[in-house]
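Residue numbers (full-length UniProt numbering): 1 to 400.
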């Protein structure tokens, strides 16, 4: 008999390829467990449509099918009405569900992006909790919280979950120190396990990937240095480009990882086009438009070096063996790369000035071979064993 599973906090069709990578990876691992155990899964995810529709993605050699159902969370009277209608439409799917997996979009179980974003992430947890469903929090960033009331809501959701999996040491410590939850594991990001096909560049150049985050470029959603950077991000990115121009035989590939046609603040392609036009040289090119996160990872896997502020672009590099210098703007970077993966080659927009940042970048680029060795060690000592734990915990939770 098939098991009915709802997966919250994923969107395989998101213009944010990081959000998409989490979805592809989660669905890929569930499909693998299904095949390995001979157990059929009926997978349902929250969709953008106002009706129930069928969807599918292709990962490797597999076509993974799922059902998308409406579950609209919004504020105000209109939001309440929309929620009621979507719940009525989806109640059969919800009632028949055995298990709920929640990944919280990877980093949104926090108030770093504002109160409403957290409410959107936490409300489904509260509902499924009230309905008596088993909930597992998949590997994600947990916290930080500046708002005391939101921290209390998060505490309830954490403690009422059957299992909690943090994707980094800082999140794990947050759960241990601020809640009574005992079934907590420190694992790693799901996107490390997304399959890919390695790209081969035949231009004879040192191919450097640079992801410039439109969100950072515009000063965050508030457009006023929302994240408290110590440096001018746009000025810093131009300094990064100038540094690579000073290196012989380097080809810069601008790698947009988020596309949102409704918001220039979240449109990396818009910034990449403006940079390409500003420099007007064939030493800078824009990566092809990626239709899905696997295509993005395929491209990144062929580079000789990568740096950027979109974390899942950095994970795509790291997990395909490409030396990478992540550009941190929140503790999710430090928690994952430094604390959990023992990988200290990272720039920090919050704590470093421009010189400190560039010194770290230059060292990392000049010692690319050493970075590759560190990545291989991380896979052998850390990521591989955490993968085994993740798969075992999923099988236990799903009772297969």
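Even glycine gets a Cβ: it sits at the ideal position worked out from N, Cα and C. Keep in mind that this is a model prediction, so the values were computed, not measured.
Item, Value
"For residue 238 and residue 251, what's the separation of their Cα atoms in angstroms?", "15 angstroms"
"Are the CB atoms of residue 361 and residue 325 within a distance shorter than 7 angstroms?", "yes"
"Please state whether DSSP places residue 54 in a helix, a strand or coil.", "strand"
"Evaluate residue 167 with the Cβ neighbour count: other Cβ atoms within 10 Å of its Cβ, from every protein chain shown; 16 or more gives buried, anything less gives exposed.", "buried"
"When the distance is taken between beta carbons, is residue 17 closer than 7 angstroms to residue 296?", "yes"
"State the start and end residues of the unbroken beta strand (DSSP E) segment that holds residue 179.", "Note, residue 179: premise wrong, no beta strand (DSSP E); not H, not E."
"Report the rounded CA-to-CA distance for residue 290 versus residue 255, giving the unit in angstroms.", "10 angstroms"
"Whose C-beta lies closer than 8 angstroms to the C-beta of residue 340 among residues of the same chain, with five residues either side of it excluded?", "167, 168, 169, 186, 188, 382"
"The beta strand (DSSP E) with residue 285 in it runs from where to where?", "284-286"
"Can at least three beta-carbon pairs, one atom from the region 327-345 and one from the region 300-312, be found at a separation below 8 angstroms?", "yes"
"Can the beta-carbon of residue 105 be found closer than 7 angstroms to that of residue 19?", "yes"
"For residue 385, does the three-state DSSP call read helix, strand or coil?", "helix"
"What's the gap between the Cα of residue 46 and the Cα of residue 245?", "45 angstroms"
"Using only CA atoms, which one of 377, 294, 282, 287 lies nearest to residue 321?", "377"
"Measure from the alpha carbon of residue 87 to the alpha carbon of each residue in 112, 119, 121, 128, then state which is nearest.", "128"
"Report buried or exposed for residue 268, applying the criterion of at least 16 other Cβ atoms within 10 angstroms of its Cβ.", "buried"
"Give me whichever residues DSSP pairs with residue 206 in a beta bridge.", "250"
"How many angstroms separate the CA atom of residue 199 from the CA atom of residue 10?", "26 angstroms"
"Going by C-alpha distance, which of 15, 138, 220 is nearest residue 294?", "15"
"Note down, one range per segment and in chain order, each beta strand (DSSP E) of at least 3 residues found wholly within the region 31-101.", "41-46, 53-59, 62-69"
"Does residue 158 have its Cβ less than 7 angstroms from a Cβ in chain D?", "Protein chain content of the structure displayed is limited to a single chain, and chain D is not contained in it."
"Note the first and the last residue of the continuous beta strand (DSSP E) segment covering residue 186.", "184-186"
"Kindly indicate which three-state DSSP category residue 349 falls into: helix, strand or coil?", "coil"
"Can you give the Cα-Cα distance for residue 100 and residue 3, rounded to whole angstroms?", "11 angstroms"
"Per DSSP, which one or two residues make a beta bridge with residue 135?", "100"
"Give every residue of the same chain whose Cβ lies closer than 8 angstroms to the Cβ of residue 264, excluding the five residues on either side of it in the sequence, and list them in chain order.", "214, 218, 270"
"First and last residue of the alpha helix (DSSP H) that includes residue 361?", "354-366"
"Below 7 angstroms between beta carbons: does that hold for residue 174 and residue 132?", "no"
"Drop a sphere of 10 angstroms on the beta-carbon of residue 139, count the other beta-carbons inside from all chains shown, and report buried for 16 or more, exposed for fewer.", "buried"
"Would you say residue 150 and residue 109 are within 7 angstroms of each other, going by their C-beta atoms?", "no"
"Please report how far the alpha carbon of residue 49 lies from the alpha carbon of residue 55, in whole angstroms.", "11 angstroms"
"Per DSSP, which residues does residue 165 bridge with? Please list them.", "185"
"Can you round the beta-carbon distance between residue 137 and residue 161 to whole angstroms, since I take them to be within the 8 angstroms contact cut?", "5 angstroms"
"Among the candidates 280, 248, 72, 73, whose CA atom is the shortest distance from the CA of residue 204?", "248"
"So, with DSSP's three-state summary, where would you put residue 226?", "coil"
"Output the distance between the C-alpha atoms of residue 29 and residue 257, rounded to the nearest integer angstrom.", "23 angstroms"
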